[in-house]
């Protein structure tokens, strides 16, 4: 069963490399795009990598090793930018740039893009680095102090190197998000891979060239994924356990003021100011009748798509997790890895990959049954893409929840006369309800803000809130974009809130 | 016959966890499978429960074949009740719902009645609305037992049921569980690595090693007349002396003792330390006692283990109550006061002297 799911979910991805065999010369028509895409992508990766590394690690060190008024709040406020999709922040940056004396051209540059990505993606590094700092054995730092290092030296020479796997993992995640992004780079006019795929797809309708660009992007992403896996594998050894680090340094005076003001300013700029601005624009748009006429449809579509994705993906995740529980063989473990690989892949790559087999199936179905384009012309294609893309999210929660249920409970229930389905209904579902809820929530918010795959695969009249934001922003209709953007951010705050609550409960 | 296993085998990869086991449980009987960890006893239990399928052999429960020769009955249809090592209580259900879990197909008034009766049996009626995490270890175990008993199974299987309790609780609970099982008049199979537990609880003890049942008998039989050296040592301390058997008796350094007639020639004489008695003065047992010198003593409070050197230089241990106090160098009389067992001498299986 796990193998079946894996083939169904990850199978379409095989068409990506296969496209090089099918039509080797497809890219030659677009050879002009390639050097540009490579260069701009590289600039972004280097810039965002450096930016998130410094910002994320620095902030993590600040809240882990220093104490200052309001630390417990600031510690968690710094996670909030996770709820801000890049393209929504870009909408704010473009629309409000003149207020802070920035010209649009400054924002629409490589530097602007690096800044925007750094600001919304640093929490990945921050969260992982902070967790690593907090789990380090305190006596290591104390040993360093005893050997004559100052506290700052000890942090730089002991704590940061020890946390390196976590930090590298965080940077890799941030870079994967950067690679996957379409909205931000498109709105800022960056000629990256995702943008090139979009152009080739919609501008030239060249499927093979799009697939080949997708393959290149996938290769870069998989390299990053490997880097992340590798660094995480190391992390298991690096953690010292033992007792917590020594009492953090109490900052006073100017240092304390800076420690409070810096993060607050950051969170205000990335979350609070955009929210306020979006709020104002939303009110304006309603008052002045600037709301797009399709707003209602878009909101309904978003809710329907996200809602139905919950059922679909949590269901498939449950199937997968259950299959693995039933037989924890090496094959099923491999099948799970294959089935969840899509999470690392950019939405645009997944979209161009799933459309090939679906289109083929469609024509077969149409030829035999005359039903029209049932799969690619409807939301079914979208659901397939969402499943490939987000199954890993749902699976991770469901599987973690299920793993915590001892197998002896299954056997106890079986011994008491329950068949497998009965065990699922009476033992597992009640016990993993919170995990199912988390899985559903994550899928819901991800689908709500998903842009590139939706853009490429949506059926006619299938605009979503995310597309409404993007479309209005490309036309500089910032007020029109505001309300849908606001809704996306507000929904996105829910899982971040849950994450914060869960972590706080665990933290002392 | 409640449960019958015939030639049951089960391999995991290359290792045979169960290598040809025959075992029968009569109705109402309480049988313990005793063996060291890794001997296959838990696999045996899981084979009966239906959580594993045998590679060979047949299993019947309540006269009905459940596994082997093409039959397979799913665990939920086997009419077995299982008590797990970690109890496996459903954490999201109250005590009464845990106990009623296996009764979901019964009519509601019958379900109610059985739940109540079983809770009464284990003495937990007043805790019926508690959740498992609110109970003590012993209470949890009784809930697990009640849950297994409630559907009135053909046989109750208990997997190391006392291993997660601390030592002081264990003895009390053992008695309690035995009382409950006897009162419910159920057939029960208990798997344990604890000799004391098996001997004190069961009607019959099957000693298992490397997937094979070495000996199957009453507690007195397996302890007093173990079938080989390994069983002898696994069930407790033993002194092994060389001896010569002939005509239903064996002759060794500590005297001449009756044994089963079939042995003859060079044998090993096995004597438990508590059968070795010590005394002082002139020959308390006449010519049945031998002289010896105390060379060491371990004092345990409720008893003591005294090491005595015989004139031949061989040392034997004597277990007795903590009195009188012996000192190294004391000259004592040594004699045997209790059962003596003789085993065929097996050089590969010899305890080093």
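Chains as they are written, first to last, in the numbering used here: chain L, 156 to 663; chain W, 1447 to 1799. Glycine included, C-beta positions come from ideal geometry on N, C-alpha and C. Predicted model, so just to flag it, every value in this text is computed and none were measured.
When the Cα of residue i is compared with those of the options, which residue comes out closest?
i                      : options                        : result
residue 204 (chain L)  : L:274, L:529, L:571, L:582     : L:274
residue 440 (chain L)  : L:284, L:164, L:634, L:187     : L:634
residue 1779 (chain W) : W:1751, W:1742, W:1759, W:1734 : W:1734
residue 1537 (chain W) : W:1502, W:1578, W:1545, W:1574 : W:1578
residue 1739 (chain W) : W:1748, W:1753, W:1558, W:1514 : W:1753
residue 1466 (chain W) : W:1627, W:1745, W:1474, W:1501 : W:1501
residue 416 (chain L)  : L:264, L:255, L:223            : L:223
residue 558 (chain L)  : L:186, L:333, L:478, L:220     : L:478
residue 208 (chain L)  : L:272, L:171, L:244, L:180     : L:272
residue 368 (chain L)  : L:385, L:360, L:380, L:349     : L:349
residue 232 (chain L)  : L:244, L:218, L:240, L:241     : L:218
residue 620 (chain L)  : L:453, L:202, L:431, L:524     : L:453
residue 578 (chain L)  : W:1469, W:1521, W:1569, W:1517 : W:1521
residue 1628 (chain W) : W:1591, W:1640, W:1616, W:1556 : W:1591
residue 644 (chain L)  : L:602, L:626, L:629, L:631     : L:602
residue 1865 (chain W) : W:1622, W:1588, W:1654         : Chain W is shown only over 1447 to 1799; residue 1865 (chain W) falls outside these bounds and no answer can be derived.
residue 631 (chain L)  : L:410, L:366, L:343            : L:343
residue 370 (chain L)  : L:497, L:553, L:561, L:564     : L:497
residue 1647 (chain W) : W:1672, W:1742, W:1568, W:1616 : W:1616
Kindly give me the distance between the Cβ atoms of residue i and residue j, rounded to whole angstroms, as I take these residues to be in contact under 8 Å.
i                      : j                      : result
residue 329 (chain L)  : residue 404 (chain L)  : Their Cβ separation, rounded to whole angstroms, is 28 Å, which puts residue 329 (chain L) and residue 404 (chain L) out of contact at 8 Å.
residue 1464 (chain W) : residue 1493 (chain W) : 7 Å
residue 537 (chain L)  : residue 612 (chain L)  : 5 Å
residue 151 (chain L)  : residue 171 (chain L)  : The structure shown does not extend to residue 151 (chain L), since chain L is modelled only from 156 to 663, so the question has no answer here.
residue 481 (chain L)  : residue 1530 (chain W) : Not confirmed; about 19 Å, so no contact.
residue 360 (chain L)  : residue 607 (chain L)  : That pair is no contact at about 17 Å.
residue 363 (chain L)  : residue 174 (chain L)  : 5 Å
residue 1789 (chain W) : residue 1696 (chain W) : The pair is not a contact, with the Cβ atoms about 10 Å apart (cut-off 8 Å).
Ordered along the chain, which non-local residues of its own chain (more than five positions away) have a Cβ less than 7 Å from that of residue i?
i                      : result
residue 1744 (chain W) : 1750, 1751
residue 393 (chain L)  : Confidence is the limiting factor: at residue 393 (chain L) the pLDDT is only 45, short of 50, which leaves the residue's position unreliable and the question unanswerable from this model.
Hey, would you say residue i sits closer than 9 Å to residue j, going by beta carbons?
i                      : j                      : result
residue 282 (chain L)  : residue 215 (chain L)  : yes
residue 1670 (chain W) : residue 1718 (chain W) : yes
residue 1664 (chain W) : residue 1651 (chain W) : yes
residue 199 (chain L)  : residue 347 (chain L)  : yes
residue 1548 (chain W) : residue 570 (chain L)  : yes
residue 1674 (chain W) : residue 1661 (chain W) : yes
residue 322 (chain L)  : residue 299 (chain L)  : no
residue 502 (chain L)  : residue 605 (chain L)  : yes
residue 531 (chain L)  : residue 510 (chain L)  : yes
residue 245 (chain L)  : residue 339 (chain L)  : yes
residue 1689 (chain W) : residue 1713 (chain W) : yes
residue 1565 (chain W) : residue 1574 (chain W) : yes
residue 584 (chain L)  : residue 545 (chain L)  : no
residue 206 (chain L)  : residue 278 (chain L)  : no
Does the CB of residue i have a neighbour CB from chain W at under 9 Å?
i                     : result
residue 571 (chain L) : yes
residue 566 (chain L) : yes
residue 553 (chain L) : no
residue 484 (chain L) : no
residue 479 (chain L) : no
residue 585 (chain L) : yes
residue 448 (chain L) : no
Spatial neighbours of residue i within its chain, please: C-beta separation below 6 Å, excluding the five flanking residues on both sides.
i                      : result
residue 396 (chain L)  : Summary for residue 396 (chain L): the model assigns pLDDT 48, below 50, so the residue's position carries little reliability, and this model does not support an answer.
residue 451 (chain L)  : none
residue 600 (chain L)  : 646, 647, 650
residue 250 (chain L)  : 633
residue 1634 (chain W) : 1476, 1602, 1627
Shorter than 9 Å from the beta carbon of residue i to some beta carbon of chain L?
i                      : result
residue 1532 (chain W) : yes
residue 1654 (chain W) : no
residue 1459 (chain W) : no
residue 1526 (chain W) : yes
residue 1520 (chain W) : yes
residue 1496 (chain W) : yes
residue 1635 (chain W) : no
residue 1548 (chain W) : yes
residue 1535 (chain W) : yes
residue 1551 (chain W) : yes
residue 1607 (chain W) : no
residue 1597 (chain W) : yes
Among the residues of its own chain, which have a CB less than 8 Å from the CB of residue i, if the five just before and after it don't count?
i                     : result
residue 391 (chain L) : Confidence at residue 391 (chain L) is low in this model, with a pLDDT of 49, below 50, so its placement is unreliable and the value that follows should be read with caution. So the list is empty, once near-sequence residues are dropped.
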